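Report on one structure; see the data block that follows.
Number of protein chains: 4
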Amino acid sequence: MVPRYSRPEMSAIWEPEARFRIWFEIEAHATDALAELGVVPKAAAKALWDWWATNPAIDVAAIDAIEAVTKHDVIAFLTWVADNVGEEARFMHQGMTSSDVLDTCLAVQLAKASDILIADLDALLAAIKRRAFEHKLTPTIGRSHGIHAEPVTFGLKMAEAYAEFSRAKQRLIAARADVATCAISGAVGTFANIDPRVEDHVAAKLGLTVEPVSTQVIPRDRHAMFFATLGVIASSIERLATEVRHLQRTEVLEAEEYFSPGQKGSSAMPHKRNPVLTENLTGLARMVRSAALPAMENVALWHERDISHSSVERFIGPDATITLDFALGRLTGVIDKLLIYPERMMKNLDKMGGLVHSQRVLLALTQAGVSREDAYRLVQRNAMKVWESDGALSLMELLKGDTDVTAALSPEAIEEKFDLGYHFKQVDTIFARVFGE
Amino acid sequence: MVPRYSRPEMSAIWEPEARFRIWFEIEAHATDALAELGVVPKAAAKALWDWWATNPAIDVAAIDAIEAVTKHDVIAFLTWVADNVGEEARFMHQGMTSSDVLDTCLAVQLAKASDILIADLDALLAAIKRRAFEHKLTPTIGRSHGIHAEPVTFGLKMAEAYAEFSRAKQRLIAARADVATCAISGAVGTFANIDPRVEDHVAAKLGLTVEPVSTQVIPRDRHAMFFATLGVIASSIERLATEVRHLQRTEVLEAEEYFSPGQKGSSAMPHKRNPVLTENLTGLARMVRSAALPAMENVALWHERDISHSSVERFIGPDATITLDFALGRLTGVIDKLLIYPERMMKNLDKMGGLVHSQRVLLALTQAGVSREDAYRLVQRNAMKVWESDGALSLMELLKGDTDVTAALSPEAIEEKFDLGYHFKQVDTIFARVFGE
Amino acid sequence: MVPRYSRPEMSAIWEPEARFRIWFEIEAHATDALAELGVVPKAAAKALWDWWATNPAIDVAAIDAIEAVTKHDVIAFLTWVADNVGEEARFMHQGMTSSDVLDTCLAVQLAKASDILIADLDALLAAIKRRAFEHKLTPTIGRSHGIHAEPVTFGLKMAEAYAEFSRAKQRLIAARADVATCAISGAVGTFANIDPRVEDHVAAKLGLTVEPVSTQVIPRDRHAMFFATLGVIASSIERLATEVRHLQRTEVLEAEEYFSPGQKGSSAMPHKRNPVLTENLTGLARMVRSAALPAMENVALWHERDISHSSVERFIGPDATITLDFALGRLTGVIDKLLIYPERMMKNLDKMGGLVHSQRVLLALTQAGVSREDAYRLVQRNAMKVWESDGALSLMELLKGDTDVTAALSPEAIEEKFDLGYHFKQVDTIFARVFGE
Amino acid sequence: MVPRYSRPEMSAIWEPEARFRIWFEIEAHATDALAELGVVPKAAAKALWDWWATNPAIDVAAIDAIEAVTKHDVIAFLTWVADNVGEEARFMHQGMTSSDVLDTCLAVQLAKASDILIADLDALLAAIKRRAFEHKLTPTIGRSHGIHAEPVTFGLKMAEAYAEFSRAKQRLIAARADVATCAISGAVGTFANIDPRVEDHVAAKLGLTVEPVSTQVIPRDRHAMFFATLGVIASSIERLATEVRHLQRTEVLEAEEYFSPGQKGSSAMPHKRNPVLTENLTGLARMVRSAALPAMENVALWHERDISHSSVERFIGPDATITLDFALGRLTGVIDKLLIYPERMMKNLDKMGGLVHSQRVLLALTQAGVSREDAYRLVQRNAMKVWESDGALSLMELLKGDTDVTAALSPEAIEEKFDLGYHFKQVDTIFARVFGE
């Protein structure tokens, strides 16, 4: 975790205190269930919750000190709780294994992290949607291969992003369901020393589903799917960030990351406004993606478990969620405040002197009876002049001055072919598909 | 694609002929819709289908020869079709762009590939389930860290695999839905020259959903999610393959990949039966996984598209699906015919002279009034003898001969603690969760 | 391997016939050494080479047919050779294990592949160098963050690429040395049944070094390093390809992939010349890179070997080398024939009306006694006008018309600050460092 | 960075204070060179070093506070230095760009990190070598596919590891050289405002080589190679860790991670000693490896630089080096203190009742004139009995009791075939190759 790429709400999930709080809740809920089943005294569960109701501070240093002796984190925690709660605490954890606590805790953490990420996506979607409707019909040139192709609108670009991040949200919801399971099943998952109803109870209390069959641990294909999904979402962030970076480059300058009115460029050069936020997002996307493979390598644990997954998760659990949360927040800010320059878009669109419309003219000539070969030749000879003028000449004007062309098409008919509206007639249809409105 | 790791049904999807057949169907269905809309003559569509009804052979070499001239694969194909169909074929492809055909074709291919993979998973699940019920109560030692822990059953191991591959199936169904979309939207996705109803029609005919908003291409986050999902499934294959490899190692030998009764080992050494199929599956899993990252890198295409994704997909499209299909088929064979040795499992389980039951004895002593410290000491001193004998001594017998122990527990009570059934009492519960029966 | 991304010389290395030829040489050289040691008759070695001298065709189908029965590729090959050579062939392979042949063969293949790749790099370096000197002093704007920064020359861009691919070559030479080892050490590497001098002899004959200690196999950290190195080289390809893609985008158009004079754009739009070669290179780079991780996962084989690495290598051995060879060849062609537009570079450089020189003016004012704050204000107020004119106004002209400025700097002094040569005075130094001339 | 997987010496390199100290040295050395060239007053350089000689504490909080205002880390640092040094400090950084400082600092950090890692490898190599000679002739079974093959010695296993980590060291030395370069070349690498001799001077002082040509930044193929190399080294760690994990599993138990004599197992079960250190190393290897791909993705920065690499390096710079350092240290401890059980190795080796020698008997029978078919049958019928007895019977004894066998081979001749020494006769040769002694 790199502090500058983290936000407090997500980071808090991964702090020791938060983990210990979840551990307590797992243990206390389990003790409730054990008491209900008559395995332990009801007073034991009550003692735990009574103490918890005092809202005790979690003394992380004290627990760490005990772990330094016991070399076992869960035992250290239980010891510390017992020191605070007293005699009744000895009934905690009965029939359970450490992994029951650790893996269920990780499930709670990942579920909470998912909730934040889902909220992040909602905020991002809202920002994108607002800009989409704002620029629903703002013309801009569509580019394939970085080369001008045909007109689109800036709103359509936003609609694409909206659709993509809507998919991201659905994938994240599925990934959350995948990891939000509870296992309280003992040393090798047989419930030899603990009743499955304890698992049912803890799962219900924590908002998790029951893991149908665990070994000592919750199977890691669930986590692999989770981190792979984060990697795909990060890739979508990279896509939108790359779009902004392209739009901001000096020669294009159709949009810019926000800078405040009074803000100065980094030197005497007023043009030096760098898309550093979206460049940063590109790098962060690489990092989130890089968690996918070690998560997949974690799946093939030996037999009923080995502990090789644990160190990997200590890295990628916090890193991938914290970084993705930060990246989604940053991207939302970028989109929300993006400076959009419709005039420059129009200027770029016209840069080729109307060449983007040449195909329509070609078609119209054909439909007016000119042979395809002749039509191509007529358009081409005018288009070449425009091209060689670097956009200084206008294709429409040249065509209107070419008598071979006007023999087939009236000036009005020619002009009509240069109508941008022709390209945008289905924008409503697309918006209805994407936004449902 | 490596021929030895491929099966014909899946490979066929990726052969040129299959691709051209899909292209034709896309074009012909689109022509139908265009005819219905009055954009092209109905006779044009009819001519296409009439020719198709003759079940014409696809002359791949002829199409390639045209491509060598035109440098454009879709144009080459259209030319070849026109050469066969005649004049009416000129109405094909009107208002469409090459990517409409290419991307929709890829969607059809990935959907077909998914269908095969789903069927593969069904076959694998059936094999696993059969072995699970066959060995539902076959005792075997559960291992954490490769070290004996507590007893499980071989059926439980299979149940874990069943649950895991059931999740794999659900993920694959979701991934299939993600990629099975149709885009017929023109050069930059605006439908400038083609009515969206054409897309609706083609999608319906091909069993695809409509891509809500495309650029020149279908967005690649869909494909990234697809290949990431294959990577997770491959990781689950690696897990089960690793389990078999462990079980077959000389010192364990609780199960073996099948060899026919008459089959000889590779030399004079009859023990030399190597788990080569599951080792091979481990390697194949690495390959399928390796497609996930380039697929994610493909997402951030520039603007409305660049063509960097294309070469990546020419590799991973066939490779990942063909290899995963082969791997699932191979794993199904391994599980279906796995030689399982319950006696050896029992022998290994007993290897530690009953040490796996020591914890239950400890608990029983405590419940019989012995202090925890004393109980630990009593068990430990007998357990150490067993341990030092390398399993030659029996913990149960030693305990029955230790008067300090028998002062608290009768021989019958001691024997009862060595009951394997104690560990298996919840197997029914787990099976009900996993198999619903 | 995707045929369209392969070249014959490299592909040939990976064809069955080539592999069998290497196998023969390994076996025959080993038989020579065994004969020399008196282990087998000298006539045996002679018989092999006599047959080989007849330049026999390798009947791959026949060998495959034998393998279909024996289920063992090396045995199938030995059988086929014996069928051809006769009785004397039975002395072949004595004391050897299949991996001795397979791994040493892979070493020969990777060494040959490296030689081609090194030659590819030499060709690429030559092309880059030629363009570097051709445009050593061609001014072009340097960009950070995609935003104009300060002037560079196009030759410097090429010098960077030259230095980078020179490093690539050194790395590849090191990687070649890493994999070019010979192991003829028997079933578990102990030379139990074969004298180490056989290994010495075969290694010397094949131009390999002796593997100091092998297990059943050559250790796979060597191959991991090899494929990781290819991944880094591919990343350098991506960098140069990305540069070209940027330079070719419509608004920049400082360079273009070659198109023949008569060649037409893809439609009536003459501007539609897409950087498809470099986009393709971007995708190919992703694929070559993707081989690095499975190669690293191959390292941790179990004990003296498992066979999980084999399937991985059947994919990445050919794929990574063939694809990288193709990519290097393609990149060489792109650079060699790159259309470079110095006028457009100059036009873009001037796009900001001379703003790139503002920092030098600021410094000059300060040195002329103007306070830093005043200097900044003077430059800034003129720079803003240029900026708002979108480059239509000239900073130099405005400054020369600003009496507050001319009070400190003469028109000549101002003009001198707009001298591009100032930026290029160290180009010779850099070229001397990079090209040694 | 995960604190529990870090060691102080390596972590210190990445702490803010250490970074600021390197920054100062870069700036002060550069000022020296500028003074020498007459660009700035010599008093300026002297003032810097005079202050530095007072060994001032680096007030990270103060610098951070300035950065919160300036939004620029290097400017914040320079401001803080100026506040401390006074007026003369204004000559610092003249003609330099932030990246000159940042990238050269990273080079120093990676070089220092490399030095620690090289020392780590030396310590590991020493531990491995000691164990190798200690067990040079300790027999143990060699395994392919996890199945017993032929005898090796434990010393040979160590020799393999020694050879592998010796390669790791050479690779790391090369990787260090790759990243240890200095760039002081200004905003776009042209030295427009700074003399290249400044770079020469700083490089020499910091023990770096001069970057022949930089853009705004040092090219990232260098760093990609560095992190890829760390990934390969991590994979070698995984290999040795996996070997230990296998050796420690209950059924094998030929070696164990150290536990102190008085140490108790985790419960009443004395056998429960888990190879948690090597499992942990397996996970850590995954993490170090995962840095390779984002590092490769960092190479293709746009034009003269974008800042996408920066966030990636803030993660992987510390994480990969700290984790690898920790892992090497942990592995050294594991090997150094590894409990090795020669008796158990012998017992396992004999587990198959001498079947590992069957091939030699077969050969001897053939050489004694028995036809190959008969010899195979004779060995096989005895071997099968041994196999079916699960190692209870002895192949040697059975053969000596088989009159068909003894008709061809005397009992002494049979016994001689069961001599382990036969397999170890080249151990000296191999050790001489690996250790040079």
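Chains as they are written, first to last, in the UniProt record's numbering: chain P, 1 to 437; chain V, 1 to 437; chain G, 1 to 437; chain A, 1 to 437. A virtual CB, placed ideally from N, CA and C, is assigned to each residue, including glycine. Bear in mind the structure is a predicted one, so any value in this text is a computation, not a measurement.
>> Would LEU365 (chain G) and ALA408 (chain G) be called neighbours here (beta carbons separated by less than 7 Å)?
In response: Contact annotation: LEU365 (chain G) and ALA408 (chain G) have beta-carbon atoms nearer than 7 Å.
> Candidates V:ASP200, V:LYS42 and V:SER310: which alpha carbon is nearest ALA89 (chain V)'s?
Replying inline: Ranking V:ASP200, V:LYS42 and V:SER310 by Cα distance to ALA89 (chain V) puts V:LYS42 first.
> CB-CB under 8 Å to ILE322 (chain A), same chain, minus the five flanking residues each way: which ones, in chain order?
Replying inline: Closer than 8 Å at Cβ, skipping near neighbours: MET1, TYR5, SER6, ARG7, MET10, SER11 and TRP14.
> Going along the chain, which residues of its own chain have a beta-carbon closer than 7 Å to the beta-carbon of GLY329 (chain V), five neighbours each way excluded?
Replying inline: These residues qualify, in order along the chain: ARG7 and ASP120.
> Start and end of the alpha helix (DSSP H) containing THR140 (chain P)?
Replying inline: Per DSSP, THR140 (chain P) is not a residue of any alpha helix (DSSP H); the beta strand (DSSP E) it occupies stretches across 139-144.
>> Tell me the rounded alpha-carbon separation between THR70 (chain A) and ILE218 (chain G).
In response: Roughly 56 Å separates the two Cα atoms.
> Under a three-way DSSP split, which group does PRO318 (chain A) fall into?
Replying inline: Helix at PRO318 (chain A).
> Three or more C-beta pairs closer than 8 Å, one from the stretch 207-221 of chain G and one from the stretch 152-169 of chain A: is that the case here?
Replying inline: Touching, per the Cβ criterion.
>> Please report the distance separating the alpha-carbon of VAL379 (chain V) from that of LYS417 (chain V).
In response: Spanning the two alpha carbons is a distance of roughly 13 Å.
> Between which two residues does the beta strand (DSSP E) carrying LEU279 (chain P) extend?
Replying inline: According to the sequence provided, residue 279 (chain P) is Glu. The question's Leu does not apply to it. Segment 276-290 is the alpha helix (DSSP H) holding GLU279 (chain P); no beta strand (DSSP E) there.
> What number of angstroms, rounded off, separates the C-alpha of LYS157 (chain A) from the C-alpha of THR181 (chain G)?
Replying inline: Distance from the CA of LYS157 (chain A) to the CA of THR181 (chain G), rounded to the nearest whole angstrom, comes to 19 Å.
> In chain P, what lies closer than 9 Å to PHE424 (chain V) by C-beta?
Replying inline: Chain-ordered, the chain P residues with CB closer than 9 Å to the CB of PHE424 (chain V) read THR190 and ALA192.
> Any chance the stretch 273-280 of chain A sits against the stretch 247-256 of chain P, with 3 or more Cβ pairs inside 8 Å?
Replying inline: No, they do not touch.
> What's the C-alpha gap between TRP387 (chain G) and GLY353 (chain G)?
Replying inline: A straight line joining the alpha-carbon of TRP387 (chain G) with that of GLY353 (chain G) spans about 8 Å.
> Near SER394 (chain V), which residues of its chain fall below 8 Å by C-beta distance, leaving aside the five closest residues on each side in sequence?
Replying inline: Cβ neighbours of SER394 (chain V) beyond the five flanking positions: GLY353, GLY354 and VAL386.
> Can a CB atom of chain V be found closer than 7 Å to the CB of GLY146 (chain A)?
Replying inline: Proximity of GLY146 (chain A) to chain V, defined by a Cβ-Cβ separation below 7 Å, is satisfied.
>> Strictly below 7 Å CB to CB, what residues from chain P border THR215 (chain V)?
In response: Under the 7 Å cutoff, chain P gives GLU160.
> Quick one: is ARG377 (chain G) buried, meaning 16 or more other Cβ sit within 10 Å of its Cβ, or exposed?
Replying inline: ARG377 (chain G) should be labelled exposed.
> Are three or more beta carbon pairs between the stretch 287-297 of chain P and the stretch 88-103 of chain P nearer than 8 Å?
Replying inline: Remark: fewer than three beta-carbon pairs, one from each stretch, lie closer than 8 Å, so the stretch 287-297 of chain P and the stretch 88-103 of chain P are not flagged as touching.
> Would the beta-carbon of GLU67 (chain V) fall within 7 Å of that of ALA76 (chain V)?
Replying inline: Taking 7 Å as the cut-off, the beta carbon of GLU67 (chain V) is found closer than this to the beta carbon of ALA76 (chain V).
>> Rounding to the nearest angstrom, what Cα-Cα distance links VAL179 (chain V) and GLY189 (chain V) in this structure?
In response: Each residue's Cα considered, the two are about 17 Å apart.
>> Would you say GLY283 (chain G) lies against chain V (beta-carbon separation less than 7 Å)?
In response: So, interface residue.
> Between the beta-carbon of ALA168 (chain G) and the beta-carbon of ILE116 (chain G), is there less than 7 Å?
Replying inline: The Cβ atoms of ALA168 (chain G) and ILE116 (chain G) do not sit closer than 7 Å to each other.
> What do you get for ILE372 (chain V), buried or exposed, if any count of 16 or more other CB atoms within 10 angstroms of its CB means buried?
Replying inline: Checking the sequence, you will find Arg at residue 372 (chain V) rather than Ile. Exposed: under 16 other Cβ atoms inside 10 Å.
> Where do the ends of the beta strand (DSSP E) carrying ILE22 (chain A) lie?
Replying inline: Taken as a continuous stretch (DSSP letters only), ILE22 (chain A) belongs to no beta strand (DSSP E), being part of the alpha helix (DSSP H) at 16-36.
> Can you tell me where the beta strand (DSSP E) with ALA149 (chain P) in it begins and where it stops?
Replying inline: ALA149 (chain P): member of the beta strand (DSSP E) spanning 147-153, first to last residue.
> So what's VAL210 (chain V) in DSSP terms, helix, strand or just coil?
Replying inline: VAL210 (chain V) sits in a strand when the DSSP states are folded into three classes.
> Does DSSP put ARG372 (chain V) in a helix, a strand or coil?
Replying inline: In this structure, DSSP gives ARG372 (chain V) a helical state, which the three-state scheme calls helix.
> Using 7 Å as the limit for Cβ to Cβ distance, is SER99 (chain A) near chain P?
Replying inline: Chain P contact via Cβ: absent.
> What did DSSP end up calling ARG249 (chain G) once you bin it into helix, strand or coil?
Replying inline: The three-state reading of DSSP puts ARG249 (chain G) in coil, since its state is none of H, G, I, E or B.
>> Please tell me whether ALA228 (chain P) and ALA228 (chain V) are closer than 7 Å, where the distance is taken between their beta carbons.
In response: The answer is yes: Cβ separation under 7 Å.
>> Taking 6 Å as the limit between beta carbons, can you name the residues of its chain near GLY391 (chain G), skipping five residues before and five after?
In response: So the list reads LYS351, MET352 and GLY353, once near-sequence residues are dropped.
>> Taking the straight line between their C-alpha atoms, what separation do you get for GLY146 (chain V) and THR215 (chain A)?
In response: Their Cα atoms are separated by approximately 52 Å.
> From the beta carbon of PHE315 (chain V), is the nearest beta carbon of chain G less than 7 Å away?
Replying inline: Yes, PHE315 (chain V) lies at the interface with chain G (some Cβ there is under 7 Å from its Cβ).
> Any C-beta of chain A sitting closer than 7 Å to the C-beta of MET225 (chain G)?
Replying inline: Answer yes: the Cβ-Cβ gap between MET225 (chain G) and chain A drops below 7 Å somewhere.
>> Per the DSSP calculation, LEU339 (chain A) is bridged to which residue(s)?
In response: Beta-bridge partners of LEU339 (chain A) (DSSP): A:GLU256.
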